[in-house]
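Colleague: Residue numbers (our numbering): 171 to 612. Starting off with a structure, shown below.
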C-alpha cells in the first residue's frame, strides 16, 4: 500500500471515528433529555391514576377462588368438529326467531353431550370469585391468555343447550345455566386484555338474547326474575372498561416498553447481538414513543365513563387517533381501538337495559294481569328508575298489546327500526339497527 493510500485510509478512518463519536454523543444527549421527560410523564400519569404498576394490575386471586383454573381444564376438554363449527354460529343469529330444525337440534344436542364435562366446569367456574388466566410474572404482552375462539364456541353451545332444556319443560335448569353463564362472562371481563373484555361483552350479549328466547311466553318465579335483573344490570360495565384500558396501557404498553428499554428479551426480540445494538441505539426513539403513548392515554381517558350519548368524542370517532407517527411502530401495533370498544360497550348496555326492562314487564304482568302502559309504571316496584337508551339519553322504545310486548334501544344509527336486530356473527362488528327484548311479539 502506497503512502498516499495510507493517508486516505487514515483520513477516512478519522472521519468515521468522528462521526461515530458525534452519533454516540447525540444519542447520549437525546437519551438523557428524553429519559427525563419520560420519567416526568410517567410520574404525572401515576399521580392522575392512569398508570398502574404491574404488581397491582389485578387483585390477589388464590387458586381455590380462581375460575381460570377450571376454565383451563375445560379448554383442554372441549372438542368441536368442523361440522360443529359450522352449526354453532346459528346460535348467534338474532335476526329472527326461527326454530332449530330437528337435524340441527340433534347435532347440537350431541355436541353438548360430548362436551358435557367441559360445560360443567365452565358453570362451576361461575361460582369462583375471580379470573386470572396468567399465573406467571411475565410482562403482559407474552402472558398466556384464554382461548377466545373456545370462549365463543362454548358460550354458544351453552345457549343452545339452555334453549333445548326450556323447550323440553326444564325451565329452571335452562335459566340456571344462563345465570351461571352470565356470571362467568362477568368474571373474565375483569381482564388486563381489551380483546378478552370484548369477548366477554359479546358473549354476554349472546346469552342475554338467548335468555329472551328461553323465557319468552313462560312465567318466571319473581325471585328468579329479580335475580336475573340484578345480573343484567349494566351498571359497572363502563367502570370495568376504564379499568381494562388502564391495565392494558400499564401492563401491555408500559411494561412492554420498559422491558425493551431495559435490553431484556421479550418474545424473541432483542436476543441477538445486532438486535441488542440496534435497540440500544434506538432507545431514545422508544422513550419518545412511550411519552407520546402516555400523553395520548391521558387525553383519551377523559370522560370515558360517561354514558355514550354524552361522550361526544367517542360518538364522533375521535378517540382513535389515525395520525400515529410512522416511526412509532409499536404504538401502531399495540394501541387498542378505543372508539370500537366504547361503541361495543354501549351496545352491551343497550341490550342489558332492554333485557332487564323486559323482565320487569313480565313481572308486572304476572302481578297485575296486564303489561304496563308505559315504562314509567315499572317505577319503583320493579325498576328503581325509568330505563334510558344509552345511545339517545331518552327512554327505551316500548310497545305492547294484550298478549305481548317489545322494548328496545335505537342503536348506534339513532333510528327506530321497529326493534329489528342484526345477525351477531362476531365479537367486534358494526351494527345499524336496534337492540330489543320481546315476549310474544312477532
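Heads up, the beta-carbon is just placed ideally off N, CA and C, and yes, glycines get one too. Since this is a predicted model, take the numbers as computed values, not measurements.
1) Only counting the same chain, and skipping five residues up and downstream in sequence, which positions put a Cβ closer than 7 Å to that of residue 350?
2) Got a sec, what are the start and stop residues for the beta strand (DSSP E) residue 478 sits in?
3) Just to confirm before moving on: does the CB-CB distance between residue 543 and residue 570 stay below 9 Å?
4) Rounded to whole angstroms, how far is the Cβ of residue 626 from the Cβ of residue 365, which I believe are closer than 8 Å?
5) Out of 575, 520, 336, 532, state which residue places its alpha-carbon closest to the alpha-carbon of residue 147.
6) Kindly indicate which residue of 425, 453, 392 has the alpha-carbon position closest to the one of residue 194.
7) Classify residue 438 as helix, strand or coil using the three-state DSSP reduction.
8) Could you pull the start and end residues of the beta strand (DSSP E) that residue 607 belongs to?
9) Taking 9 Å as the cut-off, decide whether the C-beta atoms of residue 212 and residue 464 are in contact.
10) Counting only C-beta atoms, is residue 343 closer than 9 Å to chain D at any point?
11) Enumerate in chain order the residues of its own chain whose CB-to-CB distance from residue 241 is below 6 Å, with the five nearest sequence positions on each side excluded.
12) For residue 538, count neighbouring Cβ atoms within 10 angstroms of its own Cβ and tell me buried if that reaches 16, exposed if not.
13) Between residue 549 and the rest of its own chain, which residues show a CB-CB distance below 8 Å, the 5 nearest in sequence each way excluded?
14) Going by DSSP in three states, residue 272 sits in which element: helix, strand or coil?
15) Hey, would you say residue 553 sits closer than 9 Å to residue 399, going by beta carbons?
16) In whole angstroms, what separates the C-alpha of residue 609 from that of residue 588?
17) What number of angstroms, rounded off, separates the C-alpha of residue 369 from the C-alpha of residue 340?
18) Would you decide whether residue 511 is buried or exposed? Buried here means 16 or more other CB atoms lie within 10 Å of its CB.
19) Straight-line CA distance for residue 180 to residue 188?
20) What does the Cβ neighbour count give for residue 233, buried or exposed, with the cut at 16 atoms within 10 Å?
21) Within 10 Å of its beta-carbon, does residue 298 have 16 or more other beta-carbons around it, so buried, or fewer, so exposed?
22) Where does residue 498 sit, in a helix, a strand or coil, going by DSSP?
23) What first and last residue would you give for the alpha helix (DSSP H) that runs through residue 555?
24) Could you check whether the stretch 205-220 touches the stretch 264-282, counting it as contact only if at least three pairs of C-beta atoms, one from each stretch, sit closer than 8 Å?
25) What residue does the beta strand (DSSP E) around residue 303 start on, and which one ends it?
26) According to the Cβ coordinates, are residue 525 and residue 607 closer than 9 Å?
27) Answer with buried or exposed for residue 383, where buried requires no fewer than 16 other C-beta atoms within 10 angstroms of its C-beta.
28) Ends of the alpha helix (DSSP H) at residue 367?
29) Please report the distance separating the alpha-carbon of residue 603 from that of residue 301.
30) Would you mind giving the Cβ-Cβ distance between residue 261 and residue 330, rounded to the nearest angstrom? I have them listed as a contact below 8 Å.
31) Using 10 angstroms around the beta-carbon of residue 597, count the other beta-carbons present and answer buried if the total reaches 16, otherwise exposed.
32) Report, in whole angstroms, the separation of the C-beta atoms of residue 257 and residue 278, which I expect to be a contact under 8 Å.
33) If I measure Cβ to Cβ from residue 581 and keep anything under 8 Å in the same chain, skipping five residues before and after, which residues do I get?
34) In whole angstroms, what is the alpha-carbon distance linking residue 418 and residue 199?
35) From the DSSP secondary-structure annotation, give me the bridge partner or partners of residue 350.
Modeller: Checking against the coordinates, here is how it stands:
1) Translated into the one-based positions of the chain shown, residue 350 becomes position 180. Cβ within range, chain order: 293, 296.
2) If you number the chain shown from 1, residue 478 lands on position 308. Run containing residue 478: none; DSSP gives neither H nor E here.
3) Against the chain shown, residue 543 aligns to sequence position 373. Against the chain shown, residue 570 aligns to sequence position 400. Contact: yes.
4) Outside the displayed range of the chain (171 to 612) lies residue 626, so it cannot be described from this structure.
5) There is simply no residue 147 to check, as the chain begins at 171 and stops at 612 in what is shown.
6) In the chain shown, counting from the first residue as 1, residue 194 sits at position 24. Comparing Cα-Cα distances from residue 194 to each of 425, 453, 392, the minimum goes to 453.
7) Taking the first residue of the chain shown as 1, we reach residue 438 at position 268. Bear in mind that a pLDDT of 49 at residue 438, under 50, signals an unreliable position, so the number given afterwards is only what the model happens to contain. Three-state DSSP puts residue 438 in coil, outside helix and strand.
8) The residue you call residue 607 lines up with position 437 of the chain shown. Its beta strand (DSSP E) spans residues 605-609.
9) As a working mapping, residue 212 is identified with position 42 in the chain shown. As a working mapping, residue 464 is identified with position 294 in the chain shown. Contact flag set, yes.
10) Checking the listed chains, one finds no chain D in this structure; it contains a single protein chain.
11) For the purposes of this step, residue 241 is taken as residue 71 along the chain shown, with counting starting at 1. Cβ neighbours of residue 241 beyond the five flanking positions: 295.
12) As a position in the chain shown, residue 538 is number 368, starting the count at 1. The residue is exposed, with fewer than 16 neighbouring Cβ atoms inside 10 Å.
13) Position 379 of the chain shown, counted from the first residue, corresponds to residue 549. 555, 556.
14) Locating residue 272 in the chain shown gives position 102, where the first residue counts as 1. It is helical.
15) For the purposes of this step, residue 553 is taken as residue 383 along the chain shown, with counting starting at 1. For the purposes of this step, residue 399 is taken as residue 229 along the chain shown, with counting starting at 1. The answer is yes: Cβ separation under 9 Å.
16) For the purposes of this step, residue 609 is taken as residue 439 along the chain shown, with counting starting at 1. For the purposes of this step, residue 588 is taken as residue 418 along the chain shown, with counting starting at 1. Those two C-alpha atoms are separated by around 14 Å.
17) On the chain shown, residue 369 is found 199 positions in, with the first residue counted as 1. On the chain shown, residue 340 is found 170 positions in, with the first residue counted as 1. Distance between the alpha carbons of residue 369 and residue 340: 29 Å.
18) By 1-based counting over the chain shown, the position of residue 511 is 341. Buried is the call here.
19) What you label residue 180 is simply residue 10 of the chain shown in a count that begins at 1. What you label residue 188 is simply residue 18 of the chain shown in a count that begins at 1. Answer to the nearest angstrom: the Cα atoms are 12 Å apart.
20) Position 63 of the chain shown, counting from 1, holds the residue named residue 233. So residue 233 ends up on the exposed side.
21) Sequence index remark: in the chain shown, residue 298 carries index 128 (1-based). That one is buried.
22) Counting from one through the chain shown, the residue named residue 498 turns up at place 328. Coil.
23) Residue numbering aside, residue 555 sits at position 385 when the chain shown is read from its first letter. Element bounds for residue 555: n/a, residue is neither H nor E.
24) no
25) Looking up residue 303 in the chain shown gives position 133. Counting along the chain, residue 303 falls outside any beta strand (DSSP E), and DSSP gives it neither H nor E.
26) In the chain shown, counting from the first residue as 1, residue 525 sits at position 355. In the chain shown, counting from the first residue as 1, residue 607 sits at position 437. For residue 525 and residue 607, yes; Cβs fall inside 9 Å.
27) Here residue 383 refers to the residue found at position 213 when the chain shown is read from its first residue. Buried, by the Cβ-count rule.
28) In the chain shown, the residue the question calls residue 367 occupies position 197. Per DSSP, residue 367 belongs to the alpha helix (DSSP H) from 364-385.
29) Translated into positions along the chain shown, residue 603 becomes position 433. Translated into positions along the chain shown, residue 301 becomes position 131. Taking the straight line joining both Cα atoms gives about 33 Å.
30) Numbered from its first residue, the chain shown carries residue 261 at position 91. Numbered from its first residue, the chain shown carries residue 330 at position 160. The pair is a contact, with the Cβ atoms about 5 Å apart (cut-off 8 Å).
31) Start at 1 with the first residue of the chain shown, and residue 597 comes out as number 427. Any answer about residue 597 is weak, because its pLDDT of 49 lies below 50 and its placement is not dependable; what the coordinates show is given next. Residue 597 is buried by the Cβ-count criterion.
32) To locate residue 257, count along the chain shown from 1; it is residue 87. To locate residue 278, count along the chain shown from 1; it is residue 108. Correct: roughly 6 Å between the Cβ atoms.
33) As a first step, residue 581 is located in the chain shown; it is residue number 411 there, counting from the start. The answer, listed in chain order, is 517, 520, 561, 587, 601, 602, 603, 604, 605.
34) Locating residue 418 in the chain shown gives position 248, where the first residue counts as 1. Locating residue 199 in the chain shown gives position 29, where the first residue counts as 1. Looking at the two C-alpha atoms, the distance is approximately 31 Å.
35) Here residue 350 is taken as the residue at index 180 of the chain shown, counted from 1. Looking at the DSSP assignment, residue 350 forms no beta bridge with any residue, so it has no partner.
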